[in-house]
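Asker: Okay, here's the structure, questions in a sec.
Residue numbers (the working numbering): 99 to 350.
Here you go:
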């Protein structure tokens, strides 16, 4: 009888330890999500987090085709709304959690970024990396910047497109692009913060990058997904976002 009771206790403990939340996160969150999930698990030790990174549009396609994600952290508000419109996510869970910042980044010390427009037209700049504008909001913001400066036609031949904003940053880091439009959160990460130089693209040059989270249809029955969404709005998470250069929306 004692052995049977002990087996039940161990089984219950194992089940508790295996509570999992599957997170689909936009690529600009590549480094901040590590800090977020670490902090979340510190206060929720019996919840395991599983993260998949990608361009927001690509993640939406995966969710639409049945990928088992519980919560989606997008690089904008439109992609979560698209999931809501097709009943793939809970409308009441839609939450803006951060405002992203677009920067122009280079590892070439000869390229001066004090005037972003001059940097873009510098004769030494042969390739400019951006995220794919069809699936990545940071890529769309880059194209809006070109249009704002009336440089779209001139710069189009120089554009190299990454699958997502992290890959655009990799192009610059590897020397395969001279300049890149990337998320500030990426260049502030420990892996890149001492590499090259960056300047923020004026916010007036592109649509605000308001990033939203939403619980998916699958995640609606997972309490851990709701706990993670609540956590994103708590002071500990807000401090992490601020540390990685995001503006944090005011509490509702």
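Note that beta-carbon positions come from the ideal geometry of N, C-alpha and C, so glycine has one too. All values reported here derive from a predicted model rather than from experimental measurement.
#1: Could you say if the segment 192-208 and the segment 266-284 meet the contact criterion of at least three C-beta pairs nearer than 8 Å?
#2: Assign residue 141 to one of two classes, buried (16 or more other C-beta atoms within 10 Å of its C-beta) or exposed (fewer than that).
#3: Taking all protein chains shown into account, do 16 or more other C-beta atoms lie within 10 angstroms of the C-beta of residue 185, making it buried, or fewer, making it exposed?
#4: If you follow the alpha helix (DSSP H) that residue 299 is in, where does it begin and where does it stop?
#5: DSSP on residue 199, reduced to helix/strand/coil?
#6: Go to residue 324, then tell me how far its alpha helix (DSSP H) extends in each direction, as first and last residue.
#7: Whole angstroms is fine: what's the gap from residue 210's alpha carbon to residue 219's?
#8: Would you mind reading off the limits of the beta strand (DSSP E) that contains residue 273?
#9: Can you tell me which of 284, 228, 170, 291 puts its alpha carbon nearest to the alpha carbon of residue 314?
#10: Using the Cα positions of residue 130 and residue 149, report the straight-line distance between them to the nearest angstrom.
#11: Please go through the same chain and pick out, in chain order, the residues whose beta-carbon is closer than 7 Å to the beta-carbon of residue 305, but skip the five residues on each side of it.
#12: Give the DSSP-derived three-state secondary structure of residue 218 in the structure shown.
#13: Taking DSSP's pairing of strands, which residues face residue 345 in a bridge?
#14: For the segment 222-230 against the segment 247-256, are there 3 or more C-beta pairs whose distance is under 8 Å?
#15: Given a cut-off of 9 Å on the beta-carbon distance, is the pair residue 151 and residue 124 in contact?
#16: Could you please give me the residues that DSSP links to residue 187 through a beta bridge?
#17: Residue 167 and residue 122: beta carbons closer than 9 Å?
#18: For residue 214, collect the residues of the same chain with a Cβ closer than 7 Å to its Cβ; drop the 5 residues on either side in sequence, then sort them by chain order.
#19: Taking only three categories from DSSP, how would you classify residue 155?
#20: So, using beta-carbon positions, are residue 267 and residue 134 closer together than 9 Å?
#21: Just verifying my parser: in three-state terms, what is the DSSP assignment at residue 101?
Answerer: By the coordinates alone:
#1: yes
#2: exposed
#3: exposed
#4: That residue, residue 299, is in no alpha helix (DSSP H); it is neither H nor E in DSSP.
#5: coil
#6: 321-329
#7: 11 Å
#8: Residue 273 -> no beta strand (DSSP E), and no H or E assigned at all.
#9: 170
#10: 12 Å
#11: 239, 242
#12: helix
#13: 197
#14: yes
#15: yes
#16: 314
#17: yes
#18: 202, 297, 299
#19: helix
#20: no
#21: Confidence in residue 101 is poor, its pLDDT being 47 and thus under 50, which makes the residue's placement too unreliable to answer from.
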